[in-house]
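J.: From first to last, the protein sequence lines stand for chains A and B.
According to the UniProt record's numbering, the residues represented by the first sequence are 1 to 256, in order.
According to the UniProt record's numbering, the residues represented by the second sequence are 1 to 256, in order.
Quick one: the structure is below, questions incoming.
There are 2 protein chains.
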Amino acid sequence: MEAQNNPGAPAYQRIASTYRGKIASGELRPGDQLPTESAIADQFGVARQTVRTGLSLLVTEGLIVARRPRGHFVREREHMLYRPQERSRPRPATPEVDRFSQQISAEGRVPSQRIEVSLVQATPDLAERLRVETGATIVARRRVRSINGEPTNINDSHFPLDIVKDSEIMSPAYVPRGTDQVLADLGHRQDRAIDEIFVRMPTPEEIHRLGLGLGTPVAVHYDTGYTADGTPVRCTVNVLPGDRHKIVFERSWHDD
Amino acid sequence: MEAQNNPGAPAYQRIASTYRGKIASGELRPGDQLPTESAIADQFGVARQTVRTGLSLLVTEGLIVARRPRGHFVREREHMLYRPQERSRPRPATPEVDRFSQQISAEGRVPSQRIEVSLVQATPDLAERLRVETGATIVARRRVRSINGEPTNINDSHFPLDIVKDSEIMSPAYVPRGTDQVLADLGHRQDRAIDEIFVRMPTPEEIHRLGLGLGTPVAVHYDTGYTADGTPVRCTVNVLPGDRHKIVFERSWHDD
Numbered sequence: 001m002e003a004q005n006n007p008g009a010p011a012y013q014r015i016a017s018t019y020r021g022k023i024a025s026g027e028l029r030p031g032d033q034l035p036t037e038s039a040i041a042d043q044f045g046v047a048r049q050t051v052r053t054g055l056s057l058l059v060t061e062g063l064i065v066a067r068r069p070r071g072h073f074v075r076e077r078e079h080m081l082y083r084p085q086e087r088s089r090p091r092p093a094t095p096e097v098d099r100f101s102q103q104i105s106a107e108g109r110v111p112s113q114r115i116e117v118s119l120v121q122a123t124p125d126l127a128e129r130l131r132v133e134t135g136a137t138i139v140a141r142r143r144v145r146s147i148n149g150e151p152t153n154i155n156d157s158h159f160p161l162d163i164v165k166d167s168e169i170m171s172p173a174y175v176p177r178g179t180d181q182v183l184a185d186l187g188h189r190q191d192r193a194i195d196e197i198f199v200r201m202p203t204p205e206e207i208h209r210l211g212l213g214l215g216t217p218v219a220v221h222y223d224t225g226y227t228a229d230g231t232p233v234r235c236t237v238n239v240l241p242g243d244r245h246k247i248v249f250e251r252s253w254h255d256d
Numbered sequence: 001m002e003a004q005n006n007p008g009a010p011a012y013q014r015i016a017s018t019y020r021g022k023i024a025s026g027e028l029r030p031g032d033q034l035p036t037e038s039a040i041a042d043q044f045g046v047a048r049q050t051v052r053t054g055l056s057l058l059v060t061e062g063l064i065v066a067r068r069p070r071g072h073f074v075r076e077r078e079h080m081l082y083r084p085q086e087r088s089r090p091r092p093a094t095p096e097v098d099r100f101s102q103q104i105s106a107e108g109r110v111p112s113q114r115i116e117v118s119l120v121q122a123t124p125d126l127a128e129r130l131r132v133e134t135g136a137t138i139v140a141r142r143r144v145r146s147i148n149g150e151p152t153n154i155n156d157s158h159f160p161l162d163i164v165k166d167s168e169i170m171s172p173a174y175v176p177r178g179t180d181q182v183l184a185d186l187g188h189r190q191d192r193a194i195d196e197i198f199v200r201m202p203t204p205e206e207i208h209r210l211g212l213g214l215g216t217p218v219a220v221h222y223d224t225g226y227t228a229d230g231t232p233v234r235c236t237v238n239v240l241p242g243d244r245h246k247i248v249f250e251r252s253w254h255d256d
């Protein structure tokens, strides 16, 4: 199946397959530089354009990045840990999570965010989750979170207008006690949530807001919060570029 | 930012932006056919090649599919519900999950699977999670799950060789009581698990095994199971095409 094992495959496919294999096996590590185009051309006995075609496949697959004029490098996947459970379960991570994670906030990096609040019409996806009519007016509290000034993810929370209209959720400022506490103080304490994760290519708006490169799909995480009587009071849409995040949940066989 | 609102943008971008907007707003629904290339060309006053360039952007973004010779259609996102928590929490879904889900198994579709068992060398990602040396021999129990004969997702479980070598996990047959119960019977009952979800473009092998189309990223779900003393005994790698799955978790503010 792999062109590497198929000498009849076109040369550009054999080149792509060779370096794909070296990355998969760990022979080439994140950040490593690939040989120059002319070195690869000599090795395979082909023209440089053939090498470029082969490497462009790996760029589209998100495995390598082109940094002209220096050359091609194995993509560095420095994944920020993203833990939906932290919203409802603010306890310390277990040792396994610590072992897996590279907590960016613990690495001396500087997080920041920009908040905008607006009244918007509910799109079908939000209308379904907040149980309002499509086109109904809802409150959108939109954030782009950055690390060291680089946009990292999108975090847009949506609320039914009637329950938040006179609250500080309407102000585009950071709310120290958290919007979940504001909802609770308004009599809408969340009791449970549903996390839904979809995977797709980014929209042009997301590419623009997040500065995404080629071959970078996104996870879209809908986090819908319900009160004890099952009424949805919040729907947060997080857009997480695949090259910057891993989403982590912990599960115990004893929960509930 | 959107070319639709920018009359100076090239025509192919304005065409892409127009139909992107119609899909986002719900004016065009999944399965709907777009106007013909010549109808769009007439409307925008451009050549058909310009229309094709604009629509090809939306194909790459995974928003529409080309079904020649019939035309272009809004992609149908019939998402199979994928619930990692079912492994450790076999209780009925809450009403919200039922409302969200379109349970394929409940729709009279026919699931099937193909299992292969082999001894493989641990790649760095598996070695880290199973705490063995990279290159150490481990057991891989690989499955492709299909619905109505169409490959749907990849589900590859990996085990340290020493704990499963004399068990039925080594046989490429369905294990009615489940591999988790086999591990428990061998004295390795799992107590908790870590779910890690990454998002990336598929490898050529995944494209081949799953029959993926253009603009289809995958979620890669590592599910690592630990015994009560914190020893990893299983690492399952699930590859979930983004156009066929949504990953769902439920959370309660009362867990633990």
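Glycine included, C-beta positions come from ideal geometry on N, C-alpha and C.
Since we're looking at a predicted model, the values are computed, not measured.
#1: So who's on the other strand from residue 246 of chain B, going by DSSP bridges?
#2: In chain B, which residues lie with their C-beta within 8 Å of the C-beta of residue 24 of chain A?
#3: Along the chain, where does the alpha helix (DSSP H) that runs through residue 13 of chain A open and close?
#4: Mark residue 112 of chain A as exposed unless 16 or more other C-beta atoms lie within 10 angstroms of its C-beta, in which case mark it buried.
#5: Does the region 167–178 of chain A come close enough to the region 204–222 of chain A that 3 or more CB-CB pairs lie under 8 Å?
#6: Consider the Cβ of residue 85 of chain B: report whether some Cβ of chain A lies at a distance smaller than 8 Å.
#7: Which residues does DSSP list as the beta-bridge partners of residue 157 of chain B?
#8: Just the Cα atoms here: how many angstroms apart are residue 132 of chain A and residue 158 of chain A?
#9: Using the C-alpha atoms, what's the distance from residue 196 of chain B back to residue 242 of chain A?
#10: If you compare alpha carbons, which of B:234, B:224, B:201 and B:227 is closest to residue 218 of chain A?
#11: So with Cβ pairs under 8 Å, would you call residue 56 of chain B a contact of chain A?
#12: Using 8 Å as the limit for Cβ to Cβ distance, is residue 154 of chain A near chain B?
#13: Take residue 240 of chain B as the anchor and find which of B:84, B:231 and B:24 has the nearest alpha-carbon.
#14: Please classify residue 241 of chain B: does DSSP put it in a helix, a strand, or coil?
#15: Only counting the same chain, and skipping five residues up and downstream in sequence, which positions put a Cβ closer than 7 Å to that of residue 29 of chain B?
#16: What is the rounded straight-line gap between the Cα of residue 165 of chain B and the Cα of residue 183 of chain B?
#17: Closer than 8 Å between beta carbons: that is the criterion. Which residues of the region 203–230 of chain A meet it against chain B?
#18: Under three-state DSSP, which class holds residue 127 of chain B?
#19: Can you confirm whether residue 260 of chain A, when its beta carbon is compared against all beta carbons of chain B, has any partner nearer than 8 Å?
#20: Quick one: Cα of residue 36 of chain A to Cα of residue 72 of chain A, how far?
#21: What residues in the region 177–201 of chain B bring their beta carbon closer than 7 Å to a beta carbon of chain E?
#22: Shortest alpha-carbon distance to residue 115 of chain A belongs to which of A:124, A:86, A:155 and A:121?
#23: Mind pulling the chain B residues with CB within less than 9 Å of residue 61 of chain A?
#24: Any beta-carbon of chain A closer than 8 Å to the one on residue 248 of chain B?
#25: For residue 136 of chain A, which three-state DSSP category applies?
#26: Taking 8 Å as the threshold (C-beta atoms), are residue 163 of chain B and residue 233 of chain B in contact?
#27: Note down, in chain order, every chain A residue with its Cβ under 7 Å from the Cβ of residue 134 of chain B.
#28: For the pair the region 39–49 of chain A and the region 178–192 of chain B, tell me if three or more CB-CB distances fall below 8 Å.
#29: Compare the C-alpha of residue 194 of chain A against each of A:204, A:187, A:63 and A:224 and name the closest.
#30: Would residue 248 of chain B pass as a contact of residue 237 of chain B if the rule is Cβ separation under 8 Å?
#31: Just to make sure I have the definition right: I need the residues of chain A whose C-beta is within less than 8 Å of the C-beta of residue 20 of chain B. Which are they?
#32: To the nearest angstrom, how far is the alpha carbon of residue 32 of chain A from that of residue 122 of chain B?
T.: From the atom records:
#1: DSSP, once it has assigned bridges, lists B:81 as partnering residue 246 of chain B.
#2: What residue 24 of chain A touches in chain B: 123 and 203.
#3: Annotation for residue 13 of chain A: the continuous alpha helix (DSSP H) segment containing it runs 11–25.
#4: Result: exposed.
#5: Between the region 204–222 of chain A and the region 167–178 of chain A, the count of Cβ pairs shorter than 8 Å is below three; the stretches do not touch.
#6: For residue 85 of chain B, the answer is yes, since a Cβ of chain A falls inside 8 Å of its Cβ.
#7: Looking at the DSSP assignment, residue 157 of chain B forms a beta bridge with B:141 and B:236.
#8: Taking C-alpha positions only, residue 132 of chain A is separated from residue 158 of chain A by approximately 12 Å.
#9: Taking the straight line joining both Cα atoms gives about 12 Å.
#10: If we check each option's Cα against that of residue 218 of chain A, B:201 comes out closest.
#11: For residue 56 of chain B, the nearest beta carbon of chain A is not closer than 8 Å to its own beta carbon.
#12: Taking a beta-carbon distance threshold of 8 Å, residue 154 of chain A does not count as an interface residue toward chain B.
#13: The shortest C-alpha separation from residue 240 of chain B is found at B:84.
#14: In the three-state reduction of the DSSP assignment, residue 241 of chain B falls in the strand class, which pools E and B.
#15: Spatial neighbours of residue 29 of chain B in its own chain (CB-CB distance under 7 Å, excluding positions within 5 residues in sequence) are listed in chain order as 74.
#16: Rounded to whole angstroms, residue 165 of chain B to residue 183 of chain B spans 11 Å at the Cα level.
#17: 203, 204, 205, 208, 215, 217, 218, 219, 224, 226 and 230: these are the residues of the region 203–230 of chain A whose beta carbon lies less than 8 Å from some beta carbon of chain B, given in chain order.
#18: For residue 127 of chain B, the three-state secondary structure derived from DSSP is helix.
#19: Any property of residue 260 of chain A remains undetermined from this structure, which presents chain A solely from 1 to 256.
#20: Straight-line Cα distance between these residues: approximately 8 Å.
#21: Among the protein chains of the structure shown, namely A and B, there is no chain E.
#22: That would be A:155, whose Cα lies nearest to the Cα of residue 115 of chain A.
#23: Identification of chain B residues near residue 61 of chain A by a Cβ-Cβ cut-off of 9 Å yields 200, 201, 202, 203 and 204, ordered along the chain.
#24: Chain A contact via Cβ: present.
#25: In this structure, residue 136 of chain A counts as coil in the three-state DSSP scheme.
#26: Inclusion of residue 233 of chain B and residue 163 of chain B in the CB contact set at 8 Å is warranted, their separation being smaller than that value.
#27: Within chain A, 26 have C-beta atoms less than 7 Å from the C-beta of residue 134 of chain B, given in sequence order.
#28: Touching, no, given that fewer than three Cβ pairs across the two stretches are closer than 8 Å.
#29: Per the Cα distances, A:224.
#30: Contact annotation: residue 248 of chain B and residue 237 of chain B have beta-carbon atoms that are not nearer than 8 Å.
#31: Counting only Cβ-Cβ distances below 8 Å, residue 20 of chain B has contacts in chain A at 203 and 204, in chain order.
#32: Taking C-alpha positions only, residue 32 of chain A is separated from residue 122 of chain B by approximately 21 Å.
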